[in-house]
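Here the sequence shown is numbered in this note's numbering, starting from 1461 and rising by one per residue. Encoded as structure tokens, the structure appears first; notes follow it.
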Amino acid sequence: LPLEFLEKVYQNIENFNHSLDEDEFIQDETLRGAFAYRGKMIADVLKLHIQDKTHFITAYIKAYHEWLLYFIEKLEQKYKSLSKV
């Protein structure tokens, strides 16, 4: 994929992260572990020291995709536990 497109995807991820970080419903004790896992996933990409910007952003997007699947699962669990109340 072209670098320009990947940079836009990367920026959208950053915007989404900012929205998540500002959301009171999302930022509670229940999902704290999910955000720690996001940090680990991003740190793992950074530890690779990828110099090529295209490869770096691609690896970042793949890691973020994996985290999103985990986050969605945790969010569904939170919703189910709130539905029982």
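Beta carbons: idealized from backbone N, C-alpha and C, even for Gly. Source: prediction; values computed, not measured.
Note down the Cα distance separating residue i from residue j, rounded to an integer number of angstroms.
i: L1461; j: K1507; result: 23 Å
i: Y1530; j: S1479; result: 18 Å
i: Y1470; j: E1536; result: 25 Å
i: I1510; j: K1544; result: 46 Å
i: D1481; j: A1496; result: 12 Å
What are the start and end residues of the alpha helix (DSSP H) that includes residue i?
i: K1507; result: R1492 to K1507
i: K1540; result: K1513 to S1543
According to DSSP, simplified to helix, strand and coil, what is residue i?
i: I1486; result: coil
i: L1461; result: coil
i: I1510; result: coil
Quick check on this structure: which residue in the options has the alpha carbon closest to the alpha carbon of residue i?
i: A1523; options: K1500, E1467, E1533 and K1534; result: K1500
i: A1503; options: D1512, E1533, F1485 and W1527; result: W1527
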